[in-house]
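Plus 8 on top of the position in the sequence shown (first one is 1) and you've got our numbering. Where is the CB? At the ideal position from N, CA and C, for every residue including glycine. Only a predicted model underlies this, so the values are computations on that prediction, with no experimental measurement involved.
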Amino acid sequence: MNHKGTVKLETERLILRRFELTDAEVMFKNWASDAEVTKYLTWPPHSDISVSKAVIDSWMKLYENLNHYSWAIVLKEIGEPIGSIAAVEQRDDIKMVHIGYCIGQKWWRRGYTSEALAELIRFFFEDVGVNRIESRHDPRNPNSGKVMLKCGLKYEGTMRQDDINNQGFCDSVRYAILADDYFMNIKNNTLELPISNIITLKTNTDLMFYNLKIAMDTVDWNANICDAPAWRYIYHTLHSADKWFINPSTRLVEPEPPFHTPKLDWPDTPSDIILSRETLYAYYEQVRQKVLGYLNNLTDAQLSECPEGCTSSRIGLALSQFRHMYAHIGILNGVTIASTKRYPRVVNESTWRSGNLPDLFDE
């Protein structure tokens, strides 16, 4: 292998560079102190910034070695690291590198890890001359495997209790791509793009829920909308996503929320029930997590399939809910504009991806 060391690399949205000691505070804040990020990793969450400084210092001492590879994943739009990616194992005799990665929760489901991994695959095959790139994950963390698949790695098998992480002994799901695979994919123009339809759908679904929350945060919940309070429209919107986003054919057998009464989700049906803000915000988060959890377990191919008992495809159902939710976001925001003369934000995808979210109102 023609080792190059941790050289600076760049993609459309990312810069991959060496860590600096001044990154310690951001590293601690953005991912290293988060137990959810490290849940299936082999190192514990950092207890304070001094641990992050010590880790970065140990990496910096190795940067003089051309066979050491550890990058900070820097998001261009905010100019700071949001995660790390490295060749955590390597064998010169078979020209192999094993890649590991982690990224802060705030930036999950936005394609950044796939984008970083795809660039490292290019770098190691084209510039370093490796023959095999491999990676592995705990089967309880399937999203990590989806990153590997999206970047062209192939599933090679699951080794039973072959590894240990913060959850104890664990199985190890193995993926790899060979130089022959990579260059053949380039020749045939079949190399899979790191950003897929399902990633785009997940990103925009998360964004849609965020925009609904802005509308919820800014509207007068008792404002009259066609003889019903605004909160009834909020509940109507959430209940629709709860029952129709995934598989509407099962909506009649699924349990209703404990506070639900017949037709409460229809604003034009009179009701003496009043739902509190606390109840509706809790229901918002419940529905949001339900929908995002469902999308996390889908592949691009499954988007065109119809759920069992349903005549609409999964992508068709999702698009219908996009239309419905944004229509009601518009209604709620229109009420706010009319009563306050202030314009609630509707965040776009580029702003959402940056992680720099603006204030509630567009001043």
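Alpha carbon of residue i to alpha carbon of residue j, nearest angstrom
i	j	result
Leu83	Ser358	12 angstroms
Met35	Gly13	21 angstroms
His106	Lys61	24 angstroms
Ile172	Ser284	45 angstroms
Gln310	Ser58	45 angstroms
Ala80	Val63	12 angstroms
Asp273	Arg296	17 angstroms
Pro263	Gly153	32 angstroms
Ala238	Ala231	5 angstroms
Asn219	Val181	37 angstroms
Arg331	Ser321	15 angstroms
Asn212	Ile281	33 angstroms
Asp65	Val45	21 angstroms
Asp225	Thr344	10 angstroms
Lys210	His268	28 angstroms
Arg130	Ile111	20 angstroms
Leu300	Asp214	7 angstroms
Leu49	Gln169	15 angstroms
Pro89	Cys314	40 angstroms
Gly165	Asp31	37 angstroms
Gly233	Arg25	Per the sequence presented here, residue 233 reads as Ile, with Gly not at that position. C-alpha separation (whole angstroms): 53 angstroms.
Asp100	Ile141	12 angstroms
Glu371	Ala346	15 angstroms
Lys298	Arg259	14 angstroms
Trp39	Gln294	24 angstroms
Presumed contact (8 angstroms Cβ cut-off) between residue i and residue j, rounded CB distance
i	j	result
Pro53	Asp42	6 angstroms
Met9	Lys103	5 angstroms
Leu246	Tyr292	6 angstroms
Ser143	Leu161	6 angstroms
Gly317	Ser248	Incorrect: roughly 18 angstroms between the Cβ atoms, too far for contact.
Ile86	Tyr109	Going by Cβ atoms, the distance from Ile86 to Tyr109 rounds to 19 angstroms, so no, they are not a contact pair.
Arg240	Pro275	4 angstroms
Leu365	Val355	7 angstroms
Met68	Leu29	7 angstroms
Lys47	Gln175	7 angstroms
Residue i versus the options, residue with shortest Cα-Cα distance
i	options	result
Ala95	His76, Ala80, Ile222 and Ala187	His76
Trp116	Arg130, Asp135 and Gly91	Gly91
Ser279	Ser143, Asp235 and Ala40	Asp235
His244	Asn255, Pro265 and Val261	Pro265
Glu134	Ile194, Arg148, Asp101 and Gln98	Ile194
Ile339	Cys314, Trp360 and Ile222	Ile222
Val227	Ile337, Phe217, Arg361 and Glu371	Ile337
Pro147	Phe131, Arg118 and Tyr183	Tyr183
Lys158	Ile185, Trp360 and Arg140	Ile185
Asp188	Lys47, Gly137 and Asn149	Gly137
Ile242	Arg25, Ser312 and Tyr334	Tyr334
Ser78	Gln175, Val15 and Glu20	Val15
Beta-ladder partner(s) of residue i, from DSSP
i	result
Glu97	His106
Thr46	For Thr46, which the question treats as bridged, DSSP gives no partner whatsoever.
Phe369	Pro352
Leu186	Arg140
His268	None; His268 has no bridge partner.
Trp51	Answer by DSSP bridge pairing: none, since Trp51 is not bridged.
Gly119	According to DSSP, which records beta bridges pairwise, Gly119 is partnered with nothing at all.
Ile345	Answer by DSSP bridge pairing: none, since Ile345 is not bridged.
Lys4	Because residue 4 is not part of the residues shown, which for the chain are 9 to 371, the question remains open.
Pro237	Asn232
Arg25	Ala80
Ile111	Gly91
Asp171	Cys178
Glu33	Beta-bridge pairing links Glu33 to no other residue.
Glu18	Ile23
His145	Val181
Any C-beta of chain B under 9 angstroms from that of residue i
i	result
Leu209	Reference to chain B is not applicable here, since this structure consists of a single protein chain.
Would you call the region 122-142 in contact with the region 60-73, where contact means no fewer than 3 C-beta pairs closer than 8 angstroms?
no
*Are at least three pairs of beta-carbons, each pair with one atom in the region 271-291 and one in the region 343-359, less than 8 angstroms apart?*
no
Contact between the region 205-212 and the region 292-311 is defined here as three or more beta-carbon pairs at a separation below 8 angstroms; is this criterion met? yes
TODO: May I ask you to verify whether the region 248-261 touches the region 325-343, counting CB pairs closer than 8 angstroms and requiring at least 3?
DONE: yes
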